[in-house]
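Visitor: What follows is a structure written as structure tokens; I'll ask about it next.
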Amino acid sequence: MLTQEIIIRKRSREALSAVEIQQYVKGIVDKSVSESQIAAMCMAILLNGMNKEERVSLTMAMANSGTRIDWRQENLDGPVLDKHSTGGVGDKVSLMLAPIIAACGGYVPMISGRGLGHTGGTLDKMDSIPGYISQPDLQKLKDVVRDVGCAIVGATSDIAPADRTIYAVRDVTGTVESMDLITASILSKKLAAGLDGLVLDVKYGSGAWFTDYARTRDMAQTLVDVANGAGLRCHALLTDMNEVLGRTAGNAIEAREAIEFLRCENIDARLREVTLGLCGELLMIGSIAESAAAGYAMAERHLHDGRAASFFERMVHALGGPANIIDDFPRHLPLAPLTREIRAARAGVIKAVDTRKIGIAVIELGGGRRLASDKIDHGAGLSGVAAIGQTVGTTDPLCLMIGRDEDSMRRAESLIREAYIIGDPGEAVIPSPLIRESIIP
Ligand code: URA
């Protein structure tokens, strides 16, 4: 069938067959489908939606558009597992989760992304480690996962190439926000990575992509349905992103917080609950633990006995970074030279935070990108970020800004001041639940 006939069928709200979807995706890879046809199809999908069968077909066709990693040849003695987060501010969970799962007996080829909009990216955080090769070729990825147990890396060009082409078109045609296209984009890369199990951290709140809970829940249900429909065991946790996760936001500063966490020092309680909660769920999905609670306890044990820290250190070294990142992390993760505390404008209780503004403040400091081509200042960011429910006086800091020039610090400061809503002293603040719901097929 002609590509334009397939587009017309979707434009007319008809359901596409698996064969039509495969033909369209194949044409993207062999370039017989043009960019204007990709754009037209994306808009038709965004406006008219897809049913569950179409979503599964699109996801599978995109996963099959390049290499699908086959781990059977590696004779691994445990399941291949991963986590995906829909993104937030201060979300450094992947840096701890990958080595914790490896320490528990799983294998984690964690294919991660860079910062997107106001949200930070795992790959940018790993790139703050000197020498770390975050984009190895497929063979190196396989070697490190087999020998060490985990590798946090970017997608290689052979993983789901159709996604890369479609994503670039979506980015400039106002079609990023389609739930069907987001689902196929995220899951095609996870299916191509050859996983046995996946846990999704779907975030809601002021720092997430969707602030609205009902929409976030729909997204989580769609992702879980499509993943399981495509043969990948997958559950989702809906977690709170109404404030920064942990006490830092940036790149090197978040890598420092993650390493302190693995050293069991200064662990933020919310960060701990989300990280261990996701680990518990994933260990259950991978049948390493009998229940999420047993998985949580196992993850906690290997965090405390130092095994997870040693897996992180070995992964960093195997991918070109220093051999002693856990012991010598301040030296390997330098910060920008200027620091300034932002004090609360009035005494009271922190009632709410516009977390998106905090993410944008990090971009202002140089810790994120305005354009895809921008270079990141890995040393810029925020530390000591105050939490909702905390009582502050006018001499107490809301956070410490770390930057490189006065102008950007001034712009970041005004965003952070706008972001914090401080109520009267003693005012009761009810925090949103940290893990609000789990979605299973
Ligand atoms: N992450 C992805 O990989 N794809 C999307 O479409 C959105 C987030």
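Going by this note's numbering, the letters in the sequence shown line up with residues 184 to 624, in that order. Ideal placement from N, C-alpha and C gives every residue a C-beta, glycine not left out. All of these numbers come straight from a predicted model, not from anything done at the bench.
#1: From the DSSP secondary-structure annotation, give me the bridge partner or partners of C225.
#2: Given a cut-off of 7 Å, decide if G586 and L521 are closer than it, judged by their beta-carbon atoms.
#3: Cα separation between R439 and M592?
#4: Relative to ligand 1, is the shortest distance from any of its heavy atoms to the C-beta of S566 smaller than 6 Å?
#5: Mind checking whether the beta-carbon of I623 lies closer than 6 Å to any heavy atom of ligand 1?
#6: To the nearest angstrom, report how far apart V239 and P262 are at their CA atoms.
#7: Can you list, in chain order, the residues of its chain whose CB lies under 7 Å from that of P344, leaving out five sequence neighbours each side?
#8: Who are the near neighbours of K235 in its chain, counting only those whose CB is closer than 8 Å to its CB and skipping five residues on each side?
#9: Measure the alpha-carbon distance for A281 versus M362 and round it to whole angstroms.
#10: What residues match up with G380 in a beta bridge as DSSP calls it?
#11: What residues in its chain sit with their C-beta under 6 Å from that of R600, if we drop five residues either side in the sequence?
#12: For I365, verify whether its CB is less than 6 Å away from any heavy atom of ligand 1.
#13: Need the endpoints of the beta strand (DSSP E) that C462 sits in, please.
#14: Going by DSSP, what residue range makes up the alpha helix (DSSP H) through R593?
#15: For ligand 1, is there any heavy atom lying closer than 6 Å to the beta carbon of I221?
#16: Please give the ranges of any beta strand (DSSP E) in the region 500-556, keeping only runs that are unbroken, at least 3 residues long and fully inside the region.
#17: With H, G and I counted as helix, E and B as strand and the rest as coil, what does DSSP make of A246?
#18: Tell me the DSSP bridge mates of M233?
#19: Quick check on this structure: which residue in V352, G380, D379 has the alpha carbon closest to the alpha carbon of S368?
#20: Between the C-alpha atoms of L583 and L565, what's the straight-line distance to the nearest angstrom?
#21: Could you give the first and the last residue of the continuous beta strand (DSSP E) run that contains I620?
#22: Tell me, which residues are paired with C582 by DSSP?
#23: Comparing C-alpha positions only, which one of A506, A544, D488 sits nearest to L598?
#24: Go to L565, then tell me how far its beta strand (DSSP E) extends in each direction, as first and last residue.
#25: Could you give the residue range of the beta strand (DSSP E) that holds A286?
#26: What do you reckon, are the CB atoms on A563 and G433 nearer than 7 Å?
#27: Please state whether DSSP places I316 in a helix, a strand or coil.
#28: Evaluate Q627 with the Cβ neighbour count: other Cβ atoms within 10 Å of its Cβ, from every protein chain shown; 16 or more gives buried, anything less gives exposed.
#29: Thinking L421 and R398 are a contact (beta carbons under 8 Å), I'd like their distance in whole angstroms, please.
#30: With the cut-off set at 7 Å, would you say R416 and I342 are in Cβ contact?
#31: With hydrogens ignored, establish whether the beta-carbon of I541 is closer than 6 Å to any heavy atom of ligand 1.
#32: Looking at Q404 and I605, is the spacing between their C-beta atoms short of 7 Å?
#33: Is any heavy atom in ligand 1 found nearer than 6 Å to the beta carbon of S368?
#34: Does DSSP put A334 in a helix, in a strand, or in coil?
#35: Report the residue ranges of all alpha helix (DSSP H) runs contained in full by the region 321-371; include only those spanning at least 4 residues, in chain order.
#36: With DSSP as the reference, label S559 as helix, strand or coil.
Guide: In short, the structure shows the following:
#1: Under DSSP, C225 shares a beta bridge with no residue.
#2: For L521 and G586, yes; Cβs fall inside 7 Å.
#3: About 21 Å.
#4: No, since every heavy atom of ligand 1 falls outside the 6 Å radius drawn around the Cβ of S566.
#5: Checking the Cβ of I623 against ligand 1 gives no.
#6: Each residue's alpha carbon lies about 23 Å from the other.
#7: The answer, listed in chain order, is V212, S248, G249.
#8: These residues qualify, in order along the chain: D408, V409, G412.
#9: The alpha-carbon atoms of A281 and M362 are separated by roughly 27 Å.
#10: The partner list for G380 (beta bridge, DSSP) reads L264, R416.
#11: Taking R600 as the centre and dropping the five residues before and after it, the same chain places no C-beta closer than 6 Å to its C-beta.
#12: Yes, ligand 1 has a heavy atom inside 6 Å of this Cβ.
#13: First-last for C462: 452-468, but that is the alpha helix (DSSP H), not the beta strand (DSSP E).
#14: According to the DSSP assignment, R593 belongs to the alpha helix (DSSP H) that extends over 589-602.
#15: Checking every heavy atom of ligand 1 against the Cβ of I221, none is found closer than 6 Å.
#16: Entirely contained in the region 500-556, the beta strand (DSSP E) runs reaching 3 residues are, in chain order, 521-526, 531-536.
#17: In the structure shown, A246 sits in a helix (DSSP, three-state: H, G or I).
#18: None, per the DSSP bridge assignment.
#19: With distances taken between Cα atoms, S368 lies closest to V352.
#20: Roughly 6 Å separates the two Cα atoms.
#21: Note on residue identity: the sequence assigns Glu, not Ile, to residue 620. Per DSSP, E620 belongs to the beta strand (DSSP E) from 618-622.
#22: Beta-bridge pairing links C582 to I525.
#23: Considering only alpha carbons, the answer is A544.
#24: Under the DSSP assignment, L565 falls in the beta strand (DSSP E) whose first and last residues are 564-566.
#25: It is not in any beta strand (DSSP E) - A286 instead sits in the alpha helix (DSSP H) that spans 276-286.
#26: Yes, Cβ-Cβ distance for A563 and G433 is below 7 Å.
#27: It is coil, neither helix nor strand.
#28: Look at the range of the chain in this structure, 184 to 624, and you will see that residue 627 is not part of it.
#29: Wrong, their Cβ atoms sit about 11 Å apart, outside the cutoff.
#30: Taking 7 Å as the Cβ cut-off, R416 and I342 do not qualify as a contacting pair.
#31: No, the Cβ of I541 stays beyond 6 Å of every heavy atom of ligand 1.
#32: No. Outside cutoff.
#33: Result yes, Cβ under 6 Å from ligand 1.
#34: When secondary structure is reduced to three states using DSSP, A334 falls in the strand class.
#35: Restricted to the region 321-371, the alpha helix (DSSP H) segments that are unbroken, complete and at least 4 residues in length are 321-331, 344-354, listed in chain order.
#36: Per the sequence shown, residue 559 should be read as Ile rather than Ser. Of the three classes helix, strand and coil, the one that applies to I559 here is coil, per DSSP.
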